[in-house]
Amino acid sequence: MRKILGDLKKGLLFVVSAPAGTGKTTLVRMLQREFSCVVESVSYTTREPRAQEIDGRDYHFVSREVFEQKIEEGEFLEYAQVFGHYYGTSKLFIEDKQSHGKHVMLVIDTQGALQLMNRLQAVFIFIRPPDMETLRQRLSSRKSESLEVIEERLSWAEKELALAPRYDYQIVNDYLETAYAVLRSILIAEEHRSLYS
Ligand code: ADP
Ligand code: 5GP
C-alpha cells in the first residue's frame with residue numbers, strides 16, 4: 007500500500023523558522039514521531055546546552071575554535087550568529103539523509119533561511135506566534151531563559167516577523183493540533199507535487 011508520506015527516492019528539504027518560543031521544536035518533533043521519513047537536521051552551535059538537551063541529538067555543542075575551523079573547511083550549508091552564538095547546518099548530514107529518502111527539516115533562524123532562499127530547492131515555512139503576549143508566556147513557561155534573555159528574544163522576534171512574507175507558507179501556532187494539521191498537510195502536498203515530476 008502507498009504511504010501518505012515517504013515515497014520519494016530523494017527526500018525534500020524544508021526550512022522552518024519562527025521566533026524563539028513559538029513552538030517550532032514542538033511541531034517538528036510531532037512530525038518526527040508520526041513519520042519515520044522525517045528527520046530534523048542536527049545543527050552545530052557554540053551556545054551552552056540547556057538542562058534537558060543532549061549533545062548529538064539536540065545540537066552538536068562545540069567551541070568557537072572548532073566552529074570557525076568548520077567555517078573555513080566549508081562544512082556548513084549556512085551559518086549565522088544568533089544571540090551572540092554561532093549556529094550552523096552541516097552539508098554532509100543533509101545530503102546523507104536526503105539521499106536515503108528522508109525529508110529533512112532545517113529549524114533555523116531567518117538570517118540562515120534568507121541565505122538559502124534562491125540558492126537551493128527547499129520549501130520555506132514560517133511559524134507565527136498568535137501574538138507577542140502569548141510568545142512571552144511560552145518563553146517564560148519553558149523556564150530555560152532568564153527575564154533579560156526573554157526580553158532580548160522578544161525584541162528580535164519583531165524583526166523576524168517582518169521577514170515572514172518571504173516564506174512559501176505561514177502557519178499560526180495558536181492551537182497546537184491545528185498548527186500541526188497544517189504543517190503535516192504541507193509536507194504531504196509538497197511530496198505529491200514532486201512524486202511524478
Ligand atoms: P521554539 O522551538 O520555537 O523555541 P518550543 O517548541 O520550545 O519553541 O515551545 C516553547 C514552549 O511553548 C514550550 O513550553 C511548548 O510546550 C509550548 N508550546 C508550543 N506550542 C504551543 C501551543 N500551540 N500552545 C501552547 N503552548 C505551546
Ligand atoms: P536556540 O538557542 O533557542 O536553540 O536557537 C536560537 C535560534 O537559532 C533559533 O531561531 C533556531 O532556529 C536558530 N538555529 C538553530 N540552528 C541553526 C542553524 O543551524 N542555523 C541557523 N541560521 N540558525 C539556527
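In the working numbering, the protein residues as written are 7 to 203. C-beta atoms are modelled at their ideal positions from N, C-alpha and C, and glycine is treated no differently.
Hey, out of the options, whose CA is closest to residue i's CA?
i: Ser-200; options: Gln-127, Ala-57, Ser-147 and Ile-60; result: Gln-127
i: Lys-97; options: Gly-107, Asn-124 and Gly-80; result: Gly-80
i: Pro-171; options: Gln-143, Met-123, Tyr-65 and Thr-184; result: Met-123
i: Arg-134; options: Lys-108, Gly-29 and Ile-60; result: Gly-29
i: Phe-132; options: Lys-16, Gly-17 and Pro-25; result: Pro-25
i: Ser-23; options: Met-138, Val-129 and Glu-78; result: Val-129
State the Cα-Cα distance for the pair residue i and residue j, rounded to the nearest angstrom.
i: Ser-49; j: Phe-82; result: 9 Å
i: Tyr-181; j: Leu-167; result: 19 Å
i: Ile-192; j: Ser-203; result: 17 Å
i: Glu-164; j: Glu-157; result: 11 Å
i: Val-68; j: Asp-102; result: 21 Å
i: Asp-174; j: Leu-120; result: 12 Å
i: Pro-136; j: Thr-32; result: 15 Å
i: Ser-147; j: Met-7; result: 43 Å
i: Phe-89; j: Ile-60; result: 20 Å
Just to confirm my understanding: we take residue i, look at its own chain, exclude 5 residues before and 5 after, and list those with CB closer than 7 Å. What are they?
i: Phe-41; result: Leu-11 and Gly-12
i: Ala-86; result: Tyr-93, Asp-115, Gln-117 and Gly-118
i: Phe-99; result: Ser-47 and Val-48
i: Met-36; result: Tyr-186
i: Glu-78; result: none
i: Ser-105; result: Lys-16
State the CB to CB distance for the pair residue i and residue j, rounded to an integer number of angstroms; the pair is presumed to be in contact (CB under 8 Å).
i: Leu-112; j: Leu-19; result: 7 Å
i: Leu-14; j: Glu-154; result: The pair is not a contact, with the Cβ atoms about 45 Å apart (cut-off 8 Å).
i: His-91; j: Arg-63; result: That pair is no contact at about 18 Å.
i: Gly-27; j: Leu-189; result: Their Cβ separation, rounded to whole angstroms, is 17 Å, which puts Gly-27 and Leu-189 out of contact at 8 Å.
i: Lys-16; j: Gly-107; result: 7 Å
Does DSSP classify residue i as helix, strand or coil?
i: Gly-94; result: strand
i: Met-36; result: helix
i: Leu-201; result: helix
i: Tyr-186; result: helix
i: Ile-177; result: strand
i: Phe-130; result: strand
i: Leu-160; result: helix
i: Gln-143; result: helix
i: Glu-79; result: coil
i: Thr-51; result: strand
i: Asp-61; result: strand
i: Thr-86; result: Per the sequence shown, residue 86 should be read as Ala rather than Thr. It is a strand residue.
Within a Cβ cutoff of 6 Å, which residues of the same chain sit near residue i, ignoring the five residues on either side of it in sequence?
i: Tyr-65; result: Ser-49 and Thr-51
i: Arg-56; result: Ser-150
Is any beta-carbon of chain B found at less than 8 Å from that of residue i?
i: Leu-37; result: The displayed structure is made up of one protein chain only, and chain B is not part of it.
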